[in-house]
Structure formats: C-alpha cells, structure tokens
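Residue numbers (the working numbering), protein chains in the order written: chain L, 73 to 499; chain C, 73 to 499.
Even glycine gets a Cβ: it sits at the ideal position worked out from N, Cα and C.
All of these numbers come straight from a predicted model, not from anything done at the bench.
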C-alpha cells in the first residue's frame with residue numbers, strides 16, 4: 073500500500089468530482105428502458121428481466137409459498153442475528169422521529185409545521201451474486217418508523233426465477249407490503265410510474281449498480297430518491313496509539329467491497345504508516361475476496377503522511393468520507409474537528425463493519441464527497457413537512473400595509489388585492 | 073371560470089406527471105453551457121451574460137459602491153417592510169433548528185448524531201423583469217440559522233449591468249457573503265464547479281426559469297439542490313361559510329404569477345361555485361396582470377364540485393398543492409384530513425399572499441404534486457448529519473458472533489475478519 077504526502081494526495085485527488093458523469097454512457101440504454109416500461113408495463117419489465125437477469129418469470133410478485141420456503145432455508149442463527157440487528161436499528165432510528173409543532177401568540181396568529189409520512193415508498197435491493205439482507209433492514213426500518221403505509225421492495229431474481237431467501241426473510245421480519253422480482257433500470261421505471269402489477273411510489277431508496285443509479289437520476293423529479301451513491305469509502309485517522317493490524321483489517325473490509333472502493337489512512341507517524349502497509353500485505357493473502365481488495369488498494373488506497381493533526385482533519389473534511397474512523401487517543405475530544413463525514417467511528421473497538429450490520433445507525437451513507445451536503449438515510453427521508461398559517465382578522469389588518477408594500481415592489485398587484493379586499497370588507 | 077365535477081377533473085388531471093420532461097428540449101443547450109463554463113470559467117459566464125441578458129459586464133461581483141447606491145434608491149417603507157418580514161421569517165425558522173444528540177448505555181456503547189451546517193451554499197434569484205427581494209429573505213435566512221458560513225447569491229444583471237436595488241438591499245440586510253451578476257444555466261454551472269471569481273458551493277437553492285431548473289437537474293449529484301420547481305399552484309377548499317370575493321381574489325393572486333400557474337377551488341356547494349366564478353370575472357378586469365391571470369384561469373383554473381367533504385379532501389391530497397387554503401368553518405379541525413400540501417392556510421384571514429411575504433413560513437414550496445414527497449425549504453435543507461458509533465471492547469466482543477454471522481451470509485469475509493482480529497488479540 074503506497075505511502076504519500078498530503079500534497080501528493082491533493083494533487084491526484086479526484087474524489088469529489090463528476091458524480092454526474094458516472095454512467096453517462098449508459099444514458100441512451102437507460103432512457104429507452106424507462107420509456108418502454110412506461111409504455112408497455114409488466115411485459116416490458118419481464119422482457120428486460122429475461123435479457124439482463126437471465127430469468128423467465130411468470131408473476132412479478134413473490135408468492136406466500138415462496139416466502140414460506142425461504143423461511144425454511146435460512147438457519148436459526150441467521151434469524152436471531154437479524155432480529156438483534158433490527159432491534160438496534162429500530163432503537164437508534166426512533167431518536168430521529170419528528171413531531172408536528174405549533175406556536176401561537178396573543179393577537180390570534182398560529183404558525184406551525186405538520187409532519188406526515190410519505191405514503192408510498194419503494195426500496196431497491198441489489199441481487200445477482202450479492203445478497204444484502206442488512207440493506208433491507210437499513211432501508212425499511214426507518215420507513216416503518218416514519219409511518220410509511222406502503223413499502224415495496226424490488227430486487228432482481230436469480231436465473232431460476234427465485235429471490236435470495238435471506239433477503240426474503242429480512243423483508244418478512246420488517247413487514248414490507250410487497251416484493252417484486254425485478255431489478256435494474258426497469259425496476260426503477262416500474263416503481264416510478266407504476267405498471268399493471270407494480271404500484272407507483274413517491275420515493276425510491278436503496279443501493280444499486282450503475283444502471284440503477286443512472287435510472288434514479290432520470291426519474292428524479294417525478295419521484296424523490298435518496299441519493300446517487302458511488303463506491304464505498306473508508307478514511308481512518310490514526311495516531312501512535314492505534315494497533316496497525318486493526319487499521320489494516322478495517323481498510324481491507326472496505327476494499328473487499330469493490331475494485332473502485334477507496335481505503336485511505338491518514339497519520340502523522342511514518343512508523344505507523346509502514347507497519348500498516350506491512351499488515352495490509354499480510355492480511356490480503358488471507359482474504360477470500362483478495363483479488364477485488366488488492367485492486368482497490370492499488371487503485372484507490374493510500375496511506376497519507378500528514379504534517380500535523382490539523383492537516384489530517386482538514387484532509388478528512390476535504391475527502392468527506394462515507395466512513396471515518398478515529399483510531400486516536402481520546403477520539404471523542406476530536407469530534408468538533410470533523411465537518412464532513414457520513415458515519416464516524418470512535419476508538420479501537422468501533423470498526424466499520426460494526427456499523428454495517430449491527431450498531432444501529434444506518435449503513436446507507438453519502439459517498440464520493442457528498443457528505444459535504446448530505447446525510448445518512450434516516451427517518452427524516454420518509455417524512456415531509458407542511459407549513460401551517462392561521463391569522464385572525466385583527467392580525468391580518470395589522471400587517472396589511474407591509475404586505476401591500478412588498479407585493480407592489482414585486483409588481484404583483486393581485487397579491488396586494490387579496491389583502492385589500494379583506495380590509496375593505498371589514499372596515 | 074369553468075365549474076366541473078370531480079370525475080371530470082380526475083380524467084384530465086395531468087398534475088403529477090412528467091416533471092422530468094419539462095424543459096427536456098433545452099438539454100443540449102444547457103449541457104453545452106455547463107461544459108463551456110467548466111472549461112473557460114469567468115469568460116464563458118460573461119459571454120453567456122451578453123448573449124442571454126444583453127449585458128456586458130466587466131466584473132462578476134457587485135461592488136461596495138453599487139451596494140451603497142442601491143440603499144439610497146429604495147424607500148424607507150420598503151426597508152421597514154423587509155425588516156418586519158425578516159423578523160417573522162427568522163422567528164418561524166428558529167423552530168426548525170436541530171441539535172446533535174447522543175445516547176449511551178452502561179456497557180460502553182455510545183451512539184449519536186452530529187449536526188453540522190453545509191459550509192458553502194449558493195442562492196439563485198431570478199432577474200429580468202422580475203424582482204424578488206422576498207426570495208432573498210426566504211432562502212438566506214434559513215441558511216444563516218443553520219450556520220452556513222459562506223452564502224453566495226447569483227442573479228442576472230439588467231442590460232445596463234446593474235442588479236435590481238431591492239434584491240441588493242435584501243441581500244445586505246441578511247448579510248450574504250457575496251453577490252454575483254450572473255443568471256441562467258451559466259450561473260448554476262459556475263456555482264457548481266467554481267470559476268476564477270466564483271467560489272464552488274455544495275448546495276444550490278432558489279427559484280428560476282426552465283434553463284435554471286434544467287441546469288439544476290444536470291448538476292444534481294455533484295452538488296445538492298433544493299428541488300425542481302414547476303409553476304405556482306393554489307387549491308382552495310371552500311364551504312358555505314366562505315366569502316366568494318375572498319376566494320376569487322386568492323385564486324387570482326396565484327393566476328397572475330404565470331400563464332402556467334394553476335388556481336383550483338373545490339367545494340360541495342354549487343351556489344358558492346357560481347358566486348366565485350362571477351367574482352373571478354369581475355376582479356379580473358381590475359388586475360394589472362390581467363392577461364396573464366386570464367390565460368392561467370382559462371388553461372389551468374377550475375372550480376370542482378365535490379360530492380362530499382371527504383371527496384374534496386381526497387382530491388386535494390391527490391393534487392398535493394403548493395398552497396392549500398381551507399376556507400371552511402372550523403378549519404383547524406380538518407388538518408388531520410390533509411396528507412399532502414406545501415403550506416396550509418386556515419380560515420378567511422389567512423390568504424396565500426400573507427405566506428408569500430410576511431407570516432414567517434417559507435414561500436419556497438414543493439409544486440406539481442411533489443408535496444407528496446417533499447417539504448418547504450427550511451433550516452433542515454442547510455444542515456447534514458453524521459452518525460456516531462463508539463463501542464467498548466466488551467460491547468464489541470458481545471456482538472462479535474452476530475456480526476460474523478451476518479457478514480458471512482453476505483459473503484464479506486473481510487468484514488468478519490475486522491472483528492475476528494480484535495477478538496483474537498484480546499482473548
């Protein structure tokens with residue numbers, strides 16, 4: 073794993089650029105898929121499923137008997153692990169619930185904000201070789217807490233037409249309303265506009281490949297989306313107190329996700345940097361997914377030698393990583409130095425995989441520097457607010473001149489008239 | 073103004089469709105503008121300003137002397153009106169502030185959520201014939217409350233190279249950091265990617281024409297945006313207690329915005345429907361912007377005769393209007409029937425223009441049915457959250473088997489190893 077200076081890193085850092093361009097070459101394909109699904113509905117979805125997923129499916133929805141079969145396939149240990157994860161995720165996200173509020177004052181003005189759940193939400197869960205029951209939990213639980221009344225999952229079928237049983241069991245545990253066997257851009261189109269079988273939703277969340285990401289960008293506006301996610305990232309700030317074998321293991325846990333995943337360590341200690349590099353080499357050989365991890369470390373990984381702690385945190389804020397681990401002494405004292413990060417892991421016993429599965433906070437996090445402007449998925453993603461304005465006659469008349477002045481400044485006489493007519497009729 | 077049945081309305085209702093297609097014909101132009109600004113910076117912005125705004129400008133920023141001149145041009149009444157509006161807007165939005173929170177439990181687990189402001193924000197303010205000092209307040213005040221440290225405004229210059237003085241005075245009142253003389257897609261590109269003069273921002277908010285909306289859709293992902301807004305809308309639910317002249321005036325206050333604006337009234341009373349229609353005809357003749365308002369009423373306006381109060385509210389939820397006025401007896405008792413609306417105005421003395429300028433809640437609201445999934449602009453648009461996870465050694469070891477089980481189910485052995493290595497080293 074290469075060791076470079078902060079300056080070298082900044083010169084080559086292509087982190088926060090061109091998320092809008094990722095997958096742009098697929099646009100014609102993606103747009104034609106969306107158009108066809110809007111026109112031809114279920115049939116188009118089935119055609120694309122045969123083409124892209126090699127699966128011939130008769131019904132788009134998962135049947136009760138398929139669900140029963142899945143429950144018999146997964147072991148008890150998995151179900152118990154899932155239940156513990158669900159319990160922790162629910163406990164954390166309950167803290168994010170928002171309530172409606174009102175303020176009123178003596179002269180008859182009541183203002184407020186009404187919080188309502190989004191009615192219908194679609195969750196995309198990747199399929200193929202991957203298998204992410206944890207993503208079902210992370211996306212569906214906050215939606216449930218928000219009060220979403222209709223939750224649909226879309227996930228591509230395997231060539232034999234079935235859905236991964238672990239994903240099905242997770243969906244059943246949370247109580248989603250329906251599961252569709254469809255993936256890719258065709259799933260995003262069907263959820264956005266509806267088909268004979270698929271209920272139109274108002275928001276689509278969940279991870280996906282480039283086709284899914286690009287389709288989400290295209291339907292954005294007609295439906296809401298959670299975010300456009302890039303490859304996974306970890307940034308670890310480590311000082312002499314850090315155990316190099318822990319740091320290496322955590323870097324590799326990101327690197328094994330994807331060849332494009334990025335694993336970065338920042339330290340002021342060149343001794344530690346060398347120890348971590350050696351540990352990465354050693355541990356790589358023990359990984360099942362070593363080829364993927366090795367490419368990721370080669371292409372995107374590095375250990376950055378910073379001149380000072382301040383420079384280390386400035387760099388991390390510039391990177392705005394999805395996952396930020398502070399493997400330094402007294403890590404919570406450094407929280408105030410962090411401006412941009414998806415999730416922050418404190419100390420030697422809070423490795424990133426703990427957050428992926430079990431601790432409770434969401435694992436759907438902003439990537440590619442978007443932590444500069446976005447948040448982990450949360451209950452707040454599944455609600456919306458309405459302002460409430462209630463004025464008495466007296467209160468309105470008191471501000472009539474002010475409204476009149478501002479409306480006329482903006483050339484909107486009709487606005488002024490709507491106040492005027494009330495003044496005239498009551499004077 | 074036409075009076076139709078609920079069924080007739082539903083058959084022709086094209087409300088919530090195809091926001092993604094609005095302005096698609098401009099895409100090639102918009103994309104070439106964005107590319108040129110990214111490559112050529114300031115010079116490209118100035119070229120487009122000459123082409124689209126007929127203005128030859130030397131410096132992109134507003135100078136101190138221009139600001140002084142503006143202050144001398146606007147009257148005292150305007151400044152006082154603006155100050156009252158700013159006070160109310162600030163008071164309302166203070167209620168939206170979020171704070172970081174933590175939970176901890178005895179066995180050494182601390183979880184939390186850290187709230188930080190987005191560092192750099194750009195606000196787009198339309199120019200040309202329009203002139204919207206109120207939009208400066210509505211966009212900049214929540215950003216200030218959130219703690220945004222760098223607020224930039226972009227607004228197109230007039231042909232003589234100057235900026236509308238009312239907009240400048242509003243910007244000065246709130247204390248924005250800088251004002252750029254640029255508009256259209258070129259302004260969105262410059263804010264998104266930076267130029268020699270223009271500082272790159274992380275989020276762009278504010279209203280704009282089709283070029284601006286389309287450019288925002290294109291840069292979305294590299295920067296955050298508030299929303300893609302369509303034409304303005306009002307929906308009024310009225311019963312026999314409503315004064316038809318008030319209802320008519322409020323419908324027209326929306327209609328005068330834009331030929332594409334939509335003004336709809338829903339009532340169960342055919343007597344009231346006829347009275348409102350007559351009042352609209354009468355008041356139209358008194359409007360300065362009568363041509364615009366008339367076209368809007370003809371194209372998009374209607375009075376819907378509902379069979380029941382329930383049908384009236386169901387329709388309103390289906391429309392999910394930007395502005396919803398309840399001109400019914402005991403309106404606050406009906407709040408629970410409302411699922412989707414940007415802002416809700418209660419009773420005869422809460423006309424929509426009150427919300428446009430002065431009451432305090434934001435006037436940047438979801439349009440075209442997007443209130444089904446989005447909220448008024450608020451302080452929450454200018455912050456982001458980071459999850460915090462801190463586990464003790466003991467707490468991690470207690471859940472090690474669970475994480476191991478879930479990680480292996482998903483085929484991610486590196487994730488399991490990051491836990492394993494900590495277990496081995498401490499046992």
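Q: Locate the beta strand (DSSP E) running through residue 457 (chain C), then write down its first and last residues.
A: Run containing residue 457 (chain C): 455-463, per the beta strand (DSSP E) assignment.
Q. Can you find a CB in chain C that lies within less than 9 Å of the CB of residue 168 (chain L)?
A. Yes, its Cβ sits closer than 9 Å to a Cβ of chain C.
Q. Looking at the structure shown, is residue 269 (chain C) part of a helix, part of a strand, or coil, going by DSSP?
A. Correct three-state label for residue 269 (chain C): coil.
Q) From residue 339 (chain C) to residue 100 (chain C), what does the alpha carbon distance come to, in whole angstroms? A) Approximately 44 Å, taken between the alpha carbons.
Q) In terms of DSSP beta bridges, what is residue 290 (chain C) paired with? A) DSSP output for residue 290 (chain C) lists no bridge partner at all.
**Q.** N-terminal and C-terminal residue of the alpha helix (DSSP H) that residue 98 (chain L) is part of
**A.** Note, residue 98 (chain L): premise wrong, no alpha helix (DSSP H); not H, not E.
Q.
So residue 270 (chain C) contacts chain L; which residues on that side make the cut at Cβ distance below 9 Å?
A. When 9 Å is used as the limit between beta carbons, residue 270 (chain C) is near no residue of chain L, the shortest such separation being about 17 Å.
Q: Using beta-carbon positions only, say whether residue 245 (chain C) and residue 209 (chain C) come within less than 9 Å of one another.
A: The criterion of a C-beta distance shorter than 9 Å is satisfied by residue 245 (chain C) and residue 209 (chain C).
Q | Contact list for the segment 252-269 of chain C against chain L, Cβ threshold 8 Å | A | Residues of the segment 252-269 of chain C that bring their beta carbon within less than 8 Å of a beta carbon in chain L are absent altogether.
Q: Please report the Cβ distance between residue 422 (chain C) and residue 459 (chain L), rounded to the nearest whole angstrom; I am assuming they are in contact, meaning their Cβ atoms lie under 8 Å.
A: Contact between residue 422 (chain C) and residue 459 (chain L) is absent: CB atoms are separated by about 11 Å, not below the 8 Å threshold.
Q) Residues of chain L with CB under 7 Å from residue 447 (chain C), in chain order? A) At a C-beta separation below 7 Å, residue 447 (chain C) has these neighbours in chain L: 456 and 457.
**Q.** Simplified DSSP state of residue 328 (chain L), which is helix, strand or coil
**A.** In the displayed model, residue 328 (chain L) falls within coil according to three-state DSSP, outside both helix and strand.
Q) When we look at the beta-carbon of residue 454 (chain C) and count the other beta-carbons within 10 Å, is it buried (16 or more) or exposed? A) Counting every other CB atom within 10 Å of its CB across the protein chains shown gives residue 454 (chain C) a total of 16 or more, marking it as buried.
(Q) 9 Å is my cut-off, CB to CB: does residue 426 (chain C) come that close to chain L? (A) Cβ-Cβ to chain L under 9 Å: yes for residue 426 (chain C).
Q) Does the segment 112-132 of chain L touch the segment 154-173 of chain L, meaning 3 or more C-beta pairs lie closer than 8 Å? A) Taking 8 Å as the limit for Cβ pairs, the verdict is that the segment 112-132 of chain L does not touch the segment 154-173 of chain L.
Q. If you draw a straight line from the alpha carbon of residue 231 (chain L) to that of residue 415 (chain L), how long is it in whole angstroms?
A. Cα-Cα distance, rounded: 36 Å.
Q) Hey, out of C:194, C:478, C:188 and C:155, whose CA is closest to residue 171 (chain C)'s CA? A) Looking only at C:194, C:478, C:188 and C:155, the smallest Cα-Cα distance to residue 171 (chain C) is reached by C:188.
Q.
Strictly below 9 Å CB to CB, what residues from chain C border residue 434 (chain L)?
A. What residue 434 (chain L) touches in chain C: 459.
Q. Would you say residue 348 (chain C) and residue 319 (chain C) are within 9 Å of each other, going by their C-beta atoms?
A. Residue 319 (chain C) is positioned such that its CB atom lies closer than 9 Å to that of residue 348 (chain C).
Q.
If I measure Cβ to Cβ from residue 322 (chain L) and keep anything under 7 Å in the same chain, skipping five residues before and after, which residues do I get?
A. Hits under 7 Å: 306, 308, 397, 423 and 424.
Q: Starting from residue 210 (chain L), follow the alpha helix (DSSP H) in both directions and report where the run begins and ends.
A: Here the alpha helix (DSSP H) through residue 210 (chain L) covers 205-218.
Q | residue 277 (chain C) beta carbon less than 9 Å from that of residue 449 (chain C) | A | Cβ distance < 9 Å, so residue 449 (chain C) and residue 277 (chain C) count as in contact.
**Q.** Where the alpha helix (DSSP H) containing residue 238 (chain C) begins and where it ends
**A.** The continuous alpha helix (DSSP H) containing residue 238 (chain C) extends over residues 237-246.
Q. Mind checking residue 400 (chain C): buried by the 16 CB within 10 Å criterion, or exposed?
A. Residue 400 (chain C) should be labelled buried.
(Q) So, with DSSP's three-state summary, where would you put residue 305 (chain C)? (A) In this structure, residue 305 (chain C) counts as strand in the three-state DSSP scheme.
**Q.** Per-residue burial, residue 438 (chain L) [other beta carbons within 10 Å of its own, 16 or more giving buried]
**A.** Looking at its Cβ environment, which holds 16 or more other Cβ atoms inside 10 Å, residue 438 (chain L) is buried.
Q: Work out the CA separation of residue 310 (chain L) and residue 337 (chain L) for me, nearest whole Å.
A: In this structure, the straight-line span from the alpha carbon of residue 337 (chain L) to that of residue 310 (chain L) is close to 7 Å.
(Q) Checking 9 Å against the spacing of the C-beta atoms, do residue 313 (chain L) and residue 395 (chain L) come in under that value? (A) No, the pair does not count as a contact, with Cβ atoms beyond the cut-off.
Q. Does DSSP put residue 487 (chain C) in a helix, a strand or coil?
A. Residue state, collapsed to three classes: helix.
**Q.** CB contact flag (residue 270 (chain L), residue 224 (chain L), <9 Å)
**A.** When the beta-carbon positions are compared, residue 270 (chain L) and residue 224 (chain L) come within less than 9 Å of each other.
Q: Measure the alpha-carbon distance for residue 492 (chain C) versus residue 485 (chain C) and round it to whole angstroms.
A: Our two residues, residue 492 (chain C) and residue 485 (chain C), have alpha carbons roughly 10 Å apart in a direct line.
**Q.** Neighbour list for residue 350 (chain C) in chain L, Cβ cutoff strictly below 9 Å
**A.** Per Cβ cutoff of 9 Å: no residues; residue 350 (chain C) is ~15 Å from chain L at best.
Q: Output yes if chain C places a C-beta closer than 9 Å to the C-beta of residue 370 (chain L); else output no.
A: For residue 370 (chain L), the answer is no, since every Cβ of chain C falls outside 9 Å of its Cβ.
Q) According to the neighbour-count rule (16 or more other Cβ atoms, all chains shown, within 10 Å of its Cβ), is residue 147 (chain L) buried or exposed? A) Counting other Cβ atoms within 10 Å of its Cβ, residue 147 (chain L) stays below 16 and is therefore classed as exposed.
Q. Taking buried to mean at least 16 other C-beta atoms within 10 Å of its own C-beta, is residue 370 (chain L) buried or exposed?
A. So residue 370 (chain L) counts as exposed.
Q) So, using beta-carbon positions, are residue 211 (chain C) and residue 432 (chain C) closer together than 9 Å? A) Taking 9 Å as the cut-off, the beta carbon of residue 211 (chain C) is found no closer than this to the beta carbon of residue 432 (chain C).
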